[in-house]
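>
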Amino acid sequence: MSEREVLELLRENARYSTADIARMTGLDESEVETTIEELEAAGVVRGYQAVVDWDKLEDERVRAEVELNVTLDRETGYDDIAERLARFPQVTALRLVSGDYDFDMEVEGDSIREVSQFISEKVAPVPEITQTVTHYVMTSYKEHGIELGDGEDDERLSFSP
Amino acid sequence: MTFELSERVQTVPPSGIRRFFEIAEERDDVISLGVGEPDFSTPWAARDAAITSLEQGKTSYTANRGKRELREAIADYVADRFELGYDPEEEIIVTAGASEAVDLAFRAFVDPGDTVAIAQPSYISYEPGVIFAGGEVLPVPTKEEDDFRLTVEGLEQAGADEADMLVLCYPNNPTGAIMTAEDLEPIAEFAREHDLTVLSDEIYAELTYDGNEHTSIASFEGMRERTIVFNGFSKAHAMTGLRLGYALGPAEAINAMNKIHQYTMLSAPTTAQHAALEALDSCDNDVRDMINEYDRRRQFVLSRFREIGMDVFEAKGAFYCFPEVPDGFTAEEFAEGVLREQGVAVVPGDVFGEGGEGHLRISYATGLDDLRKALARIEAFVEDHA
Ligand SMILES: Cc1ncc(COP(=O)(O)O)c(C=O)c1O
Numbered sequence: 001m002s003e004r005e006v007l008e009l010l011r012e013n014a015r016y017s018t019a020d021i022a023r024m025t026g027l028d029e030s031e032v033e034t035t036i037e038e039l040e041a042a043g044v045v046r047g048y049q050a051v052v053d054w055d056k057l058e059d060e061r062v063r064a065e066v067e068l069n070v071t072l073d074r075e076t077g078y079d080d081i082a083e084r085l086a087r088f089p090q091v092t093a094l095r096l097v098s099g100d101y102d103f104d105m106e107v108e109g110d111s112i113r114e115v116s117q118f119i120s121e122k123v124a125p126v127p128e129i130t131q132t133v134t135h136y137v138m139t140s141y142k143e144h145g146i147e148l149g150d151g152e153d154d155e156r157l158s159f160s161p
Numbered sequence: 001m002t003f004e005l006s007e008r009v010q011t012v013p014p015s016g017i018r019r020f021f022e023i024a025e026e027r028d029d030v031i032s033l034g035v036g037e038p039d040f041s042t043p044w045a046a047r048d049a050a051i052t053s054l055e056q057g058k059t060s061y062t063a064n065r066g067k068r069e070l071r072e073a074i075a076d077y078v079a080d081r082f083e084l085g086y087d088p089e090e091e092i093i094v095t096a097g098a099s100e101a102v103d104l105a106f107r108a109f110v111d112p113g114d115t116v117a118i119a120q121p122s123y124i125s126y127e128p129g130v131i132f133a134g135g136e137v138l139p140v141p142t143k144e145e146d147d148f149r150l151t152v153e154g155l156e157q158a159g160a161d162e163a164d165m166l167v168l169c170y171p172n173n174p175t176g177a178i179m180t181a182e183d184l185e186p187i188a189e190f191a192r193e194h195d196l197t198v199l200s201d202e203i204y205a206e207l208t209y210d211g212n213e214h215t216s217i218a219s220f221e222g223m224r225e226r227t228i229v230f231n232g233f234s235k236a237h238a239m240t241g242l243r244l245g246y247a248l249g250p251a252e253a254i255n256a257m258n259k260i261h262q263y264t265m266l267s268a269p270t271t272a273q274h275a276a277l278e279a280l281d282s283c284d285n286d287v288r289d290m291i292n293e294y295d296r297r298r299q300f301v302l303s304r305f306r307e308i309g310m311d312v313f314e315a316k317g318a319f320y321c322f323p324e325v326p327d328g329f330t331a332e333e334f335a336e337g338v339l340r341e342q343g344v345a346v347v348p349g350d351v352f353g354e355g356g357e358g359h360l361r362i363s364y365a366t367g368l369d370d371l372r373k374a375l376a377r378i379e380a381f382v383e384d385h386a
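Okay, structure coming up:
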């Protein structure tokens, strides 16, 4: 069970120190360390990243959600297509989904031009891909469970009974 | 002209934390561990239900005792969570916070000269409530060596066998103490034997940690007929400002409380009742997440006090812990010093009555980042004065 707890805390804030995780869970620091190592080794934890609000930065960052439709044949399955697409560094997320289209792909680039070019030159020509619909992200309100608004001020009195 | 203040009002001293407010105002970097309310906002589904009710113009009074559906939902909830059976028609009253319910009970059941025993340290409103109702307060101190649980020995020493009423609050504000079924059994026995009416403030019931389940004293044999249970939405559902609570008790008692309520309050806030109904309906997961978060902070704060070298008993409820101040300080001196020198607001334990001296109430209803900083500052303060 300690695995679950540690994972939950890392998902809440991957920068919690092992000491703080130990304090919060009642585990020893060394247990926490081992648990994290095991989670990493087993490939459960694949990495740690910052949640960025791009609107707060000067540099442009263009992101798009791309819907992909594909046709399969005897030699090519979903995994084959996915593997091929996932190799592109521009692709930041790729998921097979239920519904009207097959893949839900997230793409990032420095400009709209760069992203469109990538889709028209690298993605659309893939023989199994029959259709792409690209949605450029205009504003992001929430990323990885974190709201990007100004937040709610703490209006509580400093003392209350 | 000067106003002629009633004796009752004059008897009650000004709140012990007033002075600290002013000191806190002088700094702009204060981290407060002095807050007795959640740092979370009300679960969104409940807020959304309140907004919708406003959009639909549902802004009239409700039935005096509260919306029927809400009372039914409360009856189901307390049956499910605490094995308590109350009839929504006559045994439940919805009030403007548990605060109103507590006040109603004192006014409905206390006659001038009646003695009300209060297990202390405890929430600061009981004592004035008794005085406003004309009763006499009998403090029953609890001790750190008992993990701040109420014991029959403590009741006997204080002379509570002669009292008319007993007030208890577990999980406790300010200590974070809880009382298990085994701890409560002898107290129930004592109440039956000495024919005490029991007011049990269980507003922190959901916030019980470490694998413990909250038990209500009203669930013991022969207790239901002599007990009023208070609960509300302020703590577990993070709804303090919406002002909604309730009382559970035998019909006769709730009818008496309703008699006062119908003249002085009419009905509890309508918008808040809509929020509360939704809170009971669909917010179990939000509540669970908040409880998990409090529990982590609880463990964090307890560990840090031990690392700092301050004695602290293992608080298992509410969102408070109650460390001892180091030698050479009174609670008041420590609280003032750490506020002036380090900008950390804590409440000295004396404020909460007998048994609180030499301790600090530390609220962990504050995010982990602030807790971490505040504890580092407390550590620095302790080192500076070692
Ligand atoms: C023990 C206890 N009872 C009652 C209350 C008041 O609750 P409400 O907001 O429901 O009036 C509080 C609030 O701090 C409390 O700590």
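As they're listed, the protein sequences go chains A and B.
Anchor point for the first sequence: position 154 equals 154 in UniProt numbering, and the numbering is continuous, going up by one each time.
Anchor point for the second sequence: position 65 equals 65 in UniProt numbering, and the numbering is continuous, going up by one each time.
C-beta atoms are modelled at their ideal positions from N, C-alpha and C, and glycine is treated no differently.
1. Look at the alpha carbon of residue 38 of chain B and the alpha carbon of residue 367 of chain B, and state the distance between them as a whole number of angstroms.
2. Residue 339 of chain B: buried (16+ other C-beta within 10 angstroms of its C-beta) or exposed?
3. Around ligand 1, which residues pass a check of Cβ closer than 6 Å to any of its heavy atoms?
4. Under a CB-based cut-off of 8 Å, is residue 26 of chain A close to chain B?
5. Less than 8 Å between the C-beta atoms of residue 348 of chain B and residue 365 of chain B, yes or no?
6. Spatial neighbours of residue 224 of chain B within its chain, please: CB distance less than 6 Å, with the 5 preceding and 5 following residues excluded, ordered by chain position.
7. For residue 175 of chain A, does the three-state DSSP call read helix, strand or coil?
8. Quick check: residue 23 of chain A and residue 299 of chain B, are their CB atoms within less than 8 Å of each other?
9. If I'm right that residue 171 of chain B touches residue 208 of chain B with Cβ under 8 Å, what's the distance once you round it to whole angstroms?
10. Could you check how far apart the C-beta atoms of residue 115 of chain B and residue 146 of chain B are, in whole angstroms? I think they sit under 8 Å.
11. Between the segment 107-120 of chain A and chain B, which residues of the former have CB atoms less than 8 Å from a CB of the latter, in chain order?
12. Would the segment 64-72 of chain A and the segment 96-105 of chain A be scored as touching if the rule is three or more Cβ pairs under 8 Å?
13. Under the three-state reduction of DSSP, which class applies to residue 173 of chain B: helix, strand or coil?
14. Among residues of its own chain, excluding the 5 on either side of residue 169 of chain B, which ones have a beta-carbon nearer than 6 Å to its beta-carbon?
15. Can you name, in chain order, every residue of its own chain whose Cβ lies under 8 Å from the Cβ of residue 6 of chain A, other than the five neighbours on each side?
16. Nearest to residue 2 of chain A by alpha carbon, out of B/363, B/296 and B/351?
17. Do you know offhand how far residue 184 of chain B's Cα is from residue 40 of chain B's?
18. Leaving out five residues on either side along the sequence, give the residues of the same chain with a beta carbon under 6 Å from the beta carbon of residue 115 of chain A.
19. Cα separation between residue 316 of chain B and residue 323 of chain B?
20. Give the residues of chain A in contact with residue 37 of chain B, contact being defined as C-beta atoms less than 7 Å apart.
21. When you compare only the Cα positions, how much space is there between residue 161 of chain B and residue 252 of chain B?
22. Are the C-beta atoms of residue 20 of chain A and some chain B residue less than 8 Å apart?
23. Rounded to whole angstroms, what is the Cα-Cα separation between residue 119 of chain B and residue 97 of chain A?
Answer, in terms of the structure:
1. Approximately 10 Å between the Cα atoms of the pair.
2. Classification for residue 339 of chain B: buried.
3. Counting only beta-carbon distances shorter than 6 Å to the non-hydrogen atoms of ligand 1, the qualifying residues in chain order are A/161, B/36, B/97, B/98, B/99, B/123, B/169, B/173, B/201, B/203, B/232, B/234, B/240 and B/245.
4. Between residue 26 of chain A and chain B, the shortest Cβ-Cβ separation is below 8 Å.
5. It is not a contact, given that the beta carbons lie outside the stated cut-off.
6. These residues qualify, in order along the chain: 218.
7. The shown model of chain A, from 1 to 161, leaves out residue 175 of chain A, and the question about it has no answer.
8. Yes, Cβ-Cβ distance for residue 23 of chain A and residue 299 of chain B is below 8 Å.
9. Rounded, the Cβ-Cβ distance is 6 Å, consistent with contact.
10. Residue 146 of chain B and residue 115 of chain B do not touch by the CB rule: their CB atoms are close to 23 Å apart, not below 8 Å.
11. Residues passing the 8 Å Cβ filter: none.
12. Three or more Cβ pairs closer than 8 Å define a contact, and the segment 64-72 of chain A meets that threshold against the segment 96-105 of chain A.
13. Of the three classes helix, strand and coil, the one that applies to residue 173 of chain B here is coil, per DSSP.
14. Within its own chain, the residues whose Cβ lies closer than 6 Å to the Cβ of residue 169 of chain B, once the five positions on either side in sequence are excluded, are 122, 123 and 201, listed in chain order.
15. A distance below 8 Å between beta-carbons, with the five flanking residues on each side excluded, links residue 6 of chain A to the following residues of its chain, in chain order: 21, 25, 27, 32, 35, 36 and 39.
16. That would be B/296, whose Cα lies nearest to the Cα of residue 2 of chain A.
17. Straight-line Cα distance between these residues: approximately 31 Å.
18. Same-chain partners within the cutoff: 62, 64, 107 and 109.
19. If you take the alpha carbons of residue 316 of chain B and residue 323 of chain B, they lie about 13 Å apart.
20. Against chain A, the beta carbon of residue 37 of chain B has neighbours under 7 Å at 156 and 160, listed in chain order.
21. The straight-line gap separating the alpha-carbon atoms of residue 161 of chain B and residue 252 of chain B is approximately 24 Å.
22. Yes, because at least one Cβ of chain B sits closer than 8 Å to the Cβ of residue 20 of chain A.
23. In this model, residue 119 of chain B and residue 97 of chain A are separated by some 59 Å (Cα to Cα).
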